[in-house]
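The structure appears below as structure tokens.
Structure (structure tokens):
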């Protein structure tokens with residue numbers, strides 16, 4: 034009997050939960066998956082970085098993992114300085130997680146350039162993005178997020194009580210209403226499940242904000258290559274002792 038391939042460990046944002054679980058289940062290789070809360074993106078860079086590093090450091094090296102696959106992009110620069118300990122890290126070269134659903138940074142960049150002002154949704158973004166006032170201020174692991182630290186996580190009524198109505202209205206109109214920057218909504222349908230309910234909800238959100246709605250089939254290429262071990266120029270491999278370095282060019286990330 035041929036020996037089995039050594040296993041992989043996947044650590045990623047929960048927005049790729051369905052896709053990662055499906056790929057792990059289909060793989061002939063054992064892939065152990067672990068997800069961190071989507072709200073990690075809303076923390077300050079140092080807090081996001083520390084949580085990802087701590088999760089990597091907690092991986093049991095005695096299992097014999099060949100690599101740790103990171104389901105993160107250069108979101109909030111939360112990967113900057115993250116270090117490989119005993120096990121190599123493999124990271125997609127991506128500016129943000131939406132790249133995963135376009136199949137690579139090239140197709141995503143092309144769409145982004147041709148359709149500015151687009152708000153993107155997937156099944157993961159839809160079902161893992163529901164926060165009330167409390168966890169909007171503390172979006173992950175009890176830590177205060179960026180919006181909480183600058184006072185924008187408070188309900189409008191509390192802002193009025195604290196700052197007065199005129200000042201509260203000004204804060205909301207200039208800083209609080211992120212939706213005003215968008216004119217369209219793109220739902221990326223990966224087909225990991227029946228996504229009709231997510232699509233219907235996305236259409237409703239687009240109507241509510243008077244945005245143009247588009248549904249597009251997602252592209253599995255980048256995620257499939259990550260889970261299959263086909264790590265070409267779309268990935269950076271961080272050897273033990275090296276750290277992740279952000280780049281200000283189309284390579285996005287490097288190891289040093």
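Numbering (this note's numbering), first residue to last: 34 to 289.
Every residue, glycine too, gets a C-beta built ideally from N, C-alpha and C.
Reduced DSSP category for residue i - H, G, I as helix; E, B as strand; rest coil
| i | result |
| --- | --- |
| residue 61 | coil |
| residue 124 | strand |
| residue 279 | strand |
| residue 239 | helix |
| residue 56 | helix |
| residue 287 | strand |
| residue 51 | helix |
| residue 228 | coil |
| residue 179 | For residue 179, the predicted structure reports a pLDDT of 47, less than 50, and the residue's modelled location is therefore unreliable. The matter cannot be settled from this model. |
| residue 108 | helix |
| residue 75 | helix |
| residue 35 | In this prediction, residue 35 has a pLDDT of 48, which is less than 50 and means its spatial position is unreliable; what the coordinates show is noted afterwards. Residue 35 falls in the coil class under three-state DSSP. |
| residue 214 | helix |
Residues sharing a beta bridge with residue i, DSSP
| i | result |
| --- | --- |
| residue 154 | 220 |
| residue 41 | 64 and 100 |
| residue 46 | 69 |
| residue 248 | 220 |
| residue 273 | Answer by DSSP bridge pairing: none, since residue 273 is not bridged. |
| residue 116 | 276 |
| residue 268 | 125 |
Under 8 Å between C-beta atoms of residue i and residue j
| i | j | result |
| --- | --- | --- |
| residue 107 | residue 127 | yes |
| residue 104 | residue 157 | no |
| residue 221 | residue 239 | no |
| residue 252 | residue 140 | yes |
| residue 270 | residue 115 | no |
| residue 267 | residue 111 | no |
| residue 225 | residue 159 | no |
| residue 99 | residue 59 | no |
| residue 273 | residue 93 | no |
| residue 248 | residue 232 | yes |
| residue 123 | residue 264 | yes |
| residue 275 | residue 117 | yes |
| residue 134 | residue 155 | yes |
| residue 102 | residue 259 | yes |
| residue 242 | residue 150 | no |
| residue 280 | residue 287 | yes |
| residue 300 | residue 47 | In the structure displayed, the chain extends from 34 to 289; residue 300 sits before or after that span and is not available. |
| residue 144 | residue 244 | no |
Residue interval of the alpha helix (DSSP H) (run including residue i)
| i | result |
| --- | --- |
| residue 256 | 254-261 |
| residue 147 | 138-147 |
| residue 79 | 78-90 |
Per the contact definition of three or more C-beta pairs closer than 8 Å, is the stretch 45-55 in contact with the stretch 76-92? no
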